[in-house]
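Heads up, the thing below is written out as structure tokens.
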Amino acid sequence: MTERPLWTPGPERMAASNLARFMAPLGFTTFEEVLRYSVDEPEAFWSRLWDFCDVKAKTRGSRVLVDGAKMPGAKFFPDARLNYAENMLRRNDDADALVFRGEDKVRRRMSWAELNRAVAKLSRAFATAGVTAGDRICAIVPNMPESIIAFLAASSLGAVWSSCSPDFGERGILDRFGQIEPKILITCDGYYYAGKTIRMAEKVGNVLKELKSVERALVIDYIGEADAVAKALPKGETLSGFVTDESDAPIAFAQLPPDHPLYILYSSGTTGIPKCIVHGAGGILLKHLSEHVLNTDTKPSDRLFYFSTCGWMMWNWLVSGLAAGATLLLYDGSPFHPSERVLFDYADEEGMTIFGTSAKYIDAVKKSGLTPKQTHRLSGLRAMLSTGSPLSAESFDFVYSGIKSDIQLASISGGTDICGCFVGGNPLSPVWRGEIQGAMLGVAVDVYDEQAKPVRAEKGELVCVKPFPSMPVMFWNDPDGAKYHNAYFARFPGIWCHGDFAEITPHNGMIIHGRSDATLNPGGVRIGTAEIYAQVEQVPEVIEALAIGQDWDGDVRVVLFLRLRAGATLDDELVARIRKKIRDGASPRHVPAKVVAIADIPRTKSGKITELAVRDVVHGRVVKNKEALANPEALDLYKDLPELSS
324 MTERPLWTPG PERMAASNLA RFMAPLGFTT FEEVLRYSVD EPEAFWSRLW DFCDVKAKTR
384 GSRVLVDGAK MPGAKFFPDA RLNYAENMLR RNDDADALVF RGEDKVRRRM SWAELNRAVA
444 KLSRAFATAG VTAGDRICAI VPNMPESIIA FLAASSLGAV WSSCSPDFGE RGILDRFGQI
504 EPKILITCDG YYYAGKTIRM AEKVGNVLKE LKSVERALVI DYIGEADAVA KALPKGETLS
564 GFVTDESDAP IAFAQLPPDH PLYILYSSGT TGIPKCIVHG AGGILLKHLS EHVLNTDTKP
624 SDRLFYFSTC GWMMWNWLVS GLAAGATLLL YDGSPFHPSE RVLFDYADEE GMTIFGTSAK
684 YIDAVKKSGL TPKQTHRLSG LRAMLSTGSP LSAESFDFVY SGIKSDIQLA SISGGTDICG
744 CFVGGNPLSP VWRGEIQGAM LGVAVDVYDE QAKPVRAEKG ELVCVKPFPS MPVMFWNDPD
804 GAKYHNAYFA RFPGIWCHGD FAEITPHNGM IIHGRSDATL NPGGVRIGTA EIYAQVEQVP
864 EVIEALAIGQ DWDGDVRVVL FLRLRAGATL DDELVARIRK KIRDGASPRH VPAKVVAIAD
924 IPRTKSGKIT ELAVRDVVHG RVVKNKEALA NPEALDLYKD LPELSS
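Sequential numbering from 324 applies to the sequence shown in our numbering.
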């Protein structure tokens, strides 16, 4: 820990912030004061945020918070009737709403007026096709304008959106969308990655054979082959052909309760197929407004970028930047094609003001030898956001020494579960080396020890002790709420336990030390072990597998242990075949960095494999629950393995 912060906002910058305007009538001058107000007086805070951000709604209702002591169970603005998409499309002028780069192949921009017209036409086409509130529209799409148009058109009607990126394998897609039975599936004809063109027809065709609920399959023209792909798909047609209404009538936004489902995100699938996490339109709108407008200080003049795929909740978060009136800068493809300069070139070309990315990307830029401070102007860039995995102290140093010295580095952390952040940046506090600036407004976060007691300056479980708007509405196919309860409230009754090891610092900042459960997190992408096992165990030579995340070189790498059939050898050919199977069936992000043959895999007495115990052994930590294991001696096989020392 350094004695001085790496960066402190100047008085002019603080005074010009949205948060300063929000605080002024309350007489607050520090972030600590407004944070305390936001968690101690939630009705006052969220009511004030609604007015400050001018939420568009048919009615707000008189009640702000009902059953505020219940978690889960609290309801924010239960009598309101609103529409998420209407709040995204509040601008309708000729300024840029969306700017898009598809590697070095595609460049496009779309004004607010063009975005409004495109959403209106697709909304009417959906309605003509019989889409009504509650129907699911799923998408296998790149991060491109059509994806945002389709999402907003769906939400304008109250349809429920769900998306994944086109690099997902067939099983990964079906494990998600197969649970929620979409009426319409949207896909692309192909996409670009690292200079290669990847075609989608065969994979999507196989998916559609099993997704019996799909009535229409719409193909976005990205690589110029949409007509051919649409003809090859069952129930296929091009997206452009689906939209036939040329009128300029305004959008008829469905006015719905705040807990009406907006979209479905997915858990990592650690213990089975991914859980379907349903988020409500009102709660997401309020949480994202607080994060964008107050914590991130996003304004209509901003040009907001976040490197994300449509399979990560940061894409959903990015879209909500439209509610702040900001221009969204979209990028799809490899962030290192044709070189490591590409995103910084984009920043200069488009006047990027907020640069969002992953901790792994910052580390990769550092290792590449690029020093953007010397090669790029970055004149308008005032904030860099990082999430996905903890940002190392050395990467904090690099941002200020190698990218820009006068910049707010906002390391943020939250998750799919809340589609937002528990901790992150704010425009009033200094940035200390290796620390997240602090809690986000409106969330009562704390760190608990195993006895549910708050701790300071030591590691514990990250918890939230009061309700907040973006708690999931429910899990899909969870009629009694048991899956929902067990996911967050089983550890500490009535307290949200997030599954992160965290530490509150003397500066009231936060350090995230990684996940406290078995979720893998390489490069900041949450991965479920069950999704890996589903592929590996189809390989004839493999009896069973166990995967863990090993802390390595400032990140996490996936290590796959295999128990092989008698006579099988883990040679280069088998390793290559296993990696290909995982890449094709799950996604490239699931591919392990290390594959190790092992004689036995530890199990509980009920027969479950124990990833957490193995991870502890690999990291040299004491395993506390050996008595729960049927074969505790197997843990000794994982100690000090030479394969994991390099």
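Ideal Cβ positions, reconstructed from N, Cα and C, are used throughout, including at glycine.
Range of the contiguous beta strand (DSSP E) that encloses residue i
{"i": "Leu704", "result": "Unbroken run through Leu704: none, as it is neither H nor E."}
{"i": "Lys904", "result": "No beta strand (DSSP E) holds Lys904; the alpha helix (DSSP H) holding it covers 895-908."}
{"i": "Arg539", "result": "539-543"}
{"i": "Tyr589", "result": "584-589"}
{"i": "Gly743", "result": "743-747"}
{"i": "Glu717", "result": "Not the beta strand (DSSP E): Glu717 falls in the alpha helix (DSSP H), residues 716-721."}
{"i": "Ala408", "result": "Not the beta strand (DSSP E): Ala408 falls in the alpha helix (DSSP H), residues 407-411."}
{"i": "Arg920", "result": "Per the sequence shown, residue 920 should be read as Ala rather than Arg. Segment 917-920, the beta strand (DSSP E) holding Ala920."}
Classification of residue i by the beta-carbon crowding that lies within 10 angstroms, buried from 16 upward
{"i": "Glu717", "result": "exposed"}
{"i": "Asn809", "result": "exposed"}
{"i": "Tyr961", "result": "buried"}
{"i": "His821", "result": "buried"}
{"i": "Thr676", "result": "buried"}
{"i": "Pro332", "result": "buried"}
{"i": "Ala805", "result": "exposed"}
{"i": "Pro829", "result": "exposed"}
{"i": "Val945", "result": "exposed"}
{"i": "Lys928", "result": "Annotation note: pLDDT 48 at Lys928 (below 50); position unreliable, no value reported."}
{"i": "Gln873", "result": "buried"}
{"i": "Pro713", "result": "buried"}
{"i": "Arg431", "result": "exposed"}
{"i": "Arg344", "result": "exposed"}
{"i": "Ala572", "result": "exposed"}
{"i": "Thr567", "result": "exposed"}
{"i": "Asn341", "result": "buried"}
{"i": "Gln457", "result": "The amino acid at residue 457 is misidentified as Gln; the sequence shows Gly. Burial call: exposed."}
{"i": "Asp686", "result": "buried"}
{"i": "Pro777", "result": "exposed"}
{"i": "Asp963", "result": "exposed"}
Identity of the residues DSSP links to residue i by a beta bridge
{"i": "Gly434", "result": "According to the sequence displayed, residue 434 carries Ser and not Gly. Answer is Asp419."}
{"i": "Trp875", "result": "Asp878"}
{"i": "Cys376", "result": "Cys376 is not bridged to any residue."}
{"i": "Thr561", "result": "Val542"}
{"i": "Arg926", "result": "Ile932"}
{"i": "Phe399", "result": "Leu388"}
{"i": "Pro750", "result": "Its beta-bridge partners do not exist; DSSP assigns none."}
{"i": "Asp769", "result": "Val786"}
{"i": "Ile759", "result": "Met833"}
{"i": "Pro777", "result": "Tyr771"}
{"i": "Ile866", "result": "None, per the DSSP bridge assignment."}
{"i": "Gly738", "result": "Gly743"}
{"i": "Phe884", "result": "Leu869, Val919"}
{"i": "Arg424", "result": "Arg430, Tyr654"}
{"i": "Val601", "result": "Ile587, Met797"}
{"i": "Arg459", "result": "Val483"}
{"i": "Arg404", "result": "Thr382"}
{"i": "Trp330", "result": "Val754"}
Residue range of the unbroken alpha helix (DSSP H) whose run includes residue i
{"i": "Tyr360", "result": "354-363"}
{"i": "Gln858", "result": "852-859"}
{"i": "Gly547", "result": "Segment: none, Gly547 is in no alpha helix (DSSP H) and carries neither H nor E."}
{"i": "His611", "result": "604-612"}
{"i": "Leu732", "result": "Segment 731-734 is the beta strand (DSSP E) holding Leu732; no alpha helix (DSSP H) there."}
{"i": "Phe345", "result": "341-346"}
{"i": "Gly334", "result": "The amino acid occupying residue 334 in the given sequence is Pro; Gly does not appear at that position. It spans 334-338 - the alpha helix (DSSP H) in which Pro334 sits, taken as one unbroken run."}
What are the uninterrupted segments assigned as beta strand (DSSP E) that are 3 or more residues long and contained completely in the stretch 463-530, given in chain order? 483-487, 507-511, 513-516, 519-522
Tell me the start and end of each unbroken beta strand (DSSP E) in the stretch 615-681 that is at least 3 residues and wholly inside, in chain order. 626-629, 650-655, 677-681
With three or more C-beta pairs closer than 8 Å as the rule, is the stretch 343-361 touching the stretch 378-395? no
When you compare the stretch 624-641 with the stretch 385-396, are there three or more beta-carbon pairs, one atom per stretch, that lie closer than 8 Å? no
Taking the runs of the beta strand (DSSP E) that are 3 residues or longer, which of them lie wholly in the stretch 794-852? 819-827, 833-838
Tell me whether the stretch 399-413 and the stretch 604-611 touch, counting them as touching only if at least three CB pairs, one residue from each stretch, are closer than 8 Å. yes
Pair every Cβ in the stretch 653-673 with every Cβ in the stretch 492-511, then say whether three or more of these pairs are closer than 8 Å. no
Report yes or no: do the stretch 885-892 and the stretch 520-537 share at least 3 C-beta pairs separated by less than 8 Å? no
Should the stretch 757-767 be regarded as contacting the stretch 605-623, the criterion being three or more beta carbon pairs within less than 8 Å? yes
Using 8 Å as the cut-off, can you tell me whether the stretch 684-699 makes contact with the stretch 452-468, which would need three or more C-beta pairs spanning the two stretches below that distance? no
Would the stretch 649-657 count as touching the stretch 509-521 if we require 3 or more Cβ pairs under 8 Å? yes
Does the structure place the stretch 769-783 close enough to the stretch 719-738 that three or more beta carbon pairs sit under 8 Å? no
Determine contact between the stretch 908-921 and the stretch 488-497, defined as no fewer than three beta-carbon pairs at a distance below 8 Å. yes
For the stretch 418-426 against the stretch 642-654, do three or more pairs of beta-carbon atoms, one drawn from each stretch, fall closer than 8 Å, so that the two count as touching? yes
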